[in-house]
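Sequential numbering of the sequence shown, starting at -5, is according to the working numbering. Note that CB positions come from ideal geometry on N, CA and C, so glycine has one too. Computed from a predicted structure; not experimentally measured. Notes for the one structure printed next.
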Amino acid sequence: MSTPRARHRFAAAAGFVVAVLLLLWAMAAVSDWITRGRLADDARQGLATLRDGQPLWQWTLRRPADLVAGRAFGPVDLASDPAGLRLTSRNGSAFELGLPLAEPADLAHWPLLRLRLHSDAAGQLGLSYQAGEFSQACLALGAARIDPGTEEQVVDLHGLSWRSATGGICRPPTVVSYMLRLRLQLPARATVVVGQAALLARQPPDLPRSISADTADVRLPLPAGAGHGGSDAAVAAGDPLVAPLVRLPRDASPEAMLALRDLARQRWPAALVLPAGQALSPTLPGSMPSWLDWATCGAYLAWLAWLTWRQTRERTRPAVEVAAIAAGPLWLIAGLRWGPQVSVPGVIAFVAALVFGGVSEWRRRPVAWTWLGERWPDWLWPLLPLPVAAALMLADGHGLIRLDPRHVLAYFGWALLQQWAMLGIVMGRLRQTHLPGPVLILVTAGLFGLLHTPNGSLMQLCLLAELWWAWCFLRSPRLLPVAIAHATCALLVESGLTGHLLRSLEVSARFFL
-5 MSTPRARHRF AAAAGFVVAV LLLLWAMAAV SDWITRGRLA DDARQGLATL
45 RDGQPLWQWT LRRPADLVAG RAFGPVDLAS DPAGLRLTSR NGSAFELGLP
95 LAEPADLAHW PLLRLRLHSD AAGQLGLSYQ AGEFSQACLA LGAARIDPGT
145 EEQVVDLHGL SWRSATGGIC RPPTVVSYML RLRLQLPARA TVVVGQAALL
195 ARQPPDLPRS ISADTADVRL PLPAGAGHGG SDAAVAAGDP LVAPLVRLPR
245 DASPEAMLAL RDLARQRWPA ALVLPAGQAL SPTLPGSMPS WLDWATCGAY
295 LAWLAWLTWR QTRERTRPAV EVAAIAAGPL WLIAGLRWGP QVSVPGVIAF
345 VAALVFGGVS EWRRRPVAWT WLGERWPDWL WPLLPLPVAA ALMLADGHGL
395 IRLDPRHVLA YFGWALLQQW AMLGIVMGRL RQTHLPGPVL ILVTAGLFGL
445 LHTPNGSLMQ LCLLAELWWA WCFLRSPRLL PVAIAHATCA LLVESGLTGH
495 LLRSLEVSAR FFL
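Below you can see the structure in the form of structure tokens.
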């Protein structure tokens, strides 16, 4: 016969499991909601761009960082200029500029390359492309003549003679996802300023007047045997769809939706990809003014400053401090402000939160935790998720990918910073609220998972791992063993698991790349 104490323990354990399951479900739901919203926003932006007759693929060149590898290839001096990139030929030899391809470009239906440039001497413009990583590179010499005083040059890519490195004939480019380069040749010491490149269509594509929740040109996944050929073959065969409306499956996970989006754009780079049941309004919603981010950041910094000024060793507001420390990182990451275009106010808020936490911790020294483990169990217990990560890799992963040693070292430092913030600071403050241990663990792990928004699988994996590490830290507050375990597990997952179950380790807006 069970005792009341045993029943209480069973109820507590069952409640803990239910809470974990609810958190896992909530993180999957958050990821799904954000991903669907982002796909709809991207489709709405693409539709507005097409309707306005603006180029889908354009490159504004102002700094070396706007080029592939951040430099020009060949004997040329490169400098920034208000009008563009200033390039001065050293000896009259040809040099090349790589245009970054963040996603595939449709040169079959957008074959006109418009260049805005100005040269002080006559020269020659050539072009090269490579459709995919394992495709052959093709070159068109003498694509156009550069005349002094010319401000704009338009080149028909389908009217050029394309040759491979061995002299073989290449067909004109269709879908290009790997390399697109400008090749310029000027007399020695001559200068050209290149400001912009853009791809234009001969005629605008047909677009629907309205997009209801059921409108679709293509529904994914395609039927067996339909459309699984290469993207080049599909476009070269005269695929009539230029900017099709592609519908994703209703039950697709966020990772599956993004994978299908990428596959669709390999065949139709201008596709408007929408989740199932998502209508699309014809007008863009008004964007938030940039000053609002700065105002929010200023208010947040003022709040941190006020808390710092009011803070003493005797006067503690642990719940308020946890909210203050978490708000900055969550605003940057869950607010999708960490992406190709980084939000400077978001980064300032993120750093300010860490500084506030560090200053608060320093004021309250000595702290209740230490850096190093004193006994072997302190080092071994946090490593328990490592065989779990290895098992996931064996079940649904791939061969280990070699990681850059500098990346590995940097990640150990990043893991230490994360665990210091989560366990040393956030969990340390939560312990002052006298909440039960299981609640402390759930709140800490939940916050850690949210800091990986909107990467749903990563959020769930981080939640489960942090539940264990928070328990280890609660029984033995040693920070370095947990940080080492965190870094080791994350690097193993990055090397052997990303790509299927786990799309990537990217968070915030970078998850959608």
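Check	Outcome
Take the Cβ of residue 588 as the centre, count every other Cβ of all protein chains shown within 10 Å, and call the residue buried at 16 or more, exposed below.	Because the chain here runs from -5 to 507, residue 588 falls outside it and cannot be looked at.
Output the boundary residues of the alpha helix (DSSP H) element that contains residue 25.	-2 to 45
Verify whether the separation of the beta carbon atoms of residue 583 and residue 490 is less than 8 Å.	There is no way to answer for residue 583, as the model of the chain reaches only from -5 to 507.
Suppose only complete runs of 3+ residues qualify. What are the beta strand (DSSP E) ranges in the region 96 to 175, listed by chain order?	106 to 113, 117 to 124, 132 to 140, 146 to 150, 156 to 158
What does the alpha-carbon distance come out to for the pair residue 202 and residue 196?	19 Å
Inspect the beta-carbon positions of residue 466 and residue 375 and report whether they are closer than 8 Å.	yes
Excluding five sequence neighbours on each side, which residues of the same chain lie with their C-beta closer than 7 Å to the C-beta of residue 265?	237, 238, 240, 258, 259
Are the Cβ atoms of residue 383 and residue 477 separated by less than 8 Å?	no
Residue 184: which of 122, 378, 118, 495 sits nearest, CA to CA?	118
Taking all protein chains shown into account, do 16 or more other C-beta atoms lie within 10 angstroms of the C-beta of residue 177, making it buried, or fewer, making it exposed?	buried
If you draw a straight line from the C-alpha of residue 225 to the C-alpha of residue 171, how long is it?	Only weak support is given to the placement of residue 225: the predicted model assigns it a pLDDT of 47, under 50, and the question is left unresolved by the model.
Given this structure, state the Cα-to-Cα distance separating residue 386 from residue 313, to the nearest angstrom.	36 Å
Touch check for the region 54 to 65 and the region 91 to 103: three-plus C-beta pairs under 8 Å?	yes
Does DSSP classify residue 80 as helix, strand or coil?	strand
Report, in whole angstroms, the separation of the C-beta atoms of residue 21 and residue 413, which I expect to be a contact under 8 Å.	In fact, because the Cβ distance is near 20 Å, the residues do not count as touching under 8 Å.
Skipping 5 residues on each side, what residues in its chain have a beta carbon closer than 7 Å to that of residue 343?	291, 294, 322, 325, 326
Of the choices 473, 95, 139, 146, whose alpha-carbon is the least far from that of residue 125?	95
To the nearest angstrom, report how far apart residue 315 and residue 352 are at their CA atoms.	12 Å
Across which residues does DSSP place residue 186 in a beta bridge pair?	81, 113
Could you give the DSSP three-state label for residue 454: helix, strand or coil?	helix
Could you pull the start and end residues of the alpha helix (DSSP H) that residue 71 belongs to?	No alpha helix (DSSP H) contains residue 71, which is instead part of the beta strand (DSSP E) from 70 to 75.
Return the Cβ separation of residue 152 and residue 105 in integer angstroms, given the expectation that the two are a contact with Cβ distance under 8 Å.	5 Å
So for residue 420, helix, strand or coil by DSSP?	helix
Let me make sure I understand the geometry here. Which of 29, 403, 504, 113 has the alpha-carbon closest to that of residue 332?	504
If you follow the alpha helix (DSSP H) that residue 252 is in, where does it begin and where does it stop?	248 to 261
Mind checking whether residue 190 and residue 52 have CB atoms under 8 Å apart?	yes
Strictly by DSSP, which residues pair up with residue 213?	241
Evaluate the contact criterion for the region 9 to 19 versus the region 428 to 445: three or more CB pairs, one atom per stretch, below 8 Å.	yes
Would you check if the distance between the CB atom of residue 84 and the CB atom of residue 73 is smaller than 8 Å?	no
Taking 7 Å as the cut-off, is the C-beta of residue 183 nearer than that to any heavy atom in the ligand GDP?	Ligands are entirely absent from the displayed structure, and the ligand GDP is therefore not among its contents.
For residue 502, does the count of other Cβ atoms within 10 angstroms reach 16, so buried, or fall short, so exposed?	buried
Identify which residue in 443, 495, 235, 311 has its Cα closest to the Cα of residue 389.	495
For the candidate residues 65, 300, 50, 49, whose alpha-carbon lies nearest to that of residue 56?	65
How is residue 366 classed by DSSP in three states: helix, strand or coil?	coil
Going by the CB atoms, is the gap between residue 506 and residue 32 shorter than 8 Å?	yes
So, with DSSP's three-state summary, where would you put residue 193?	strand
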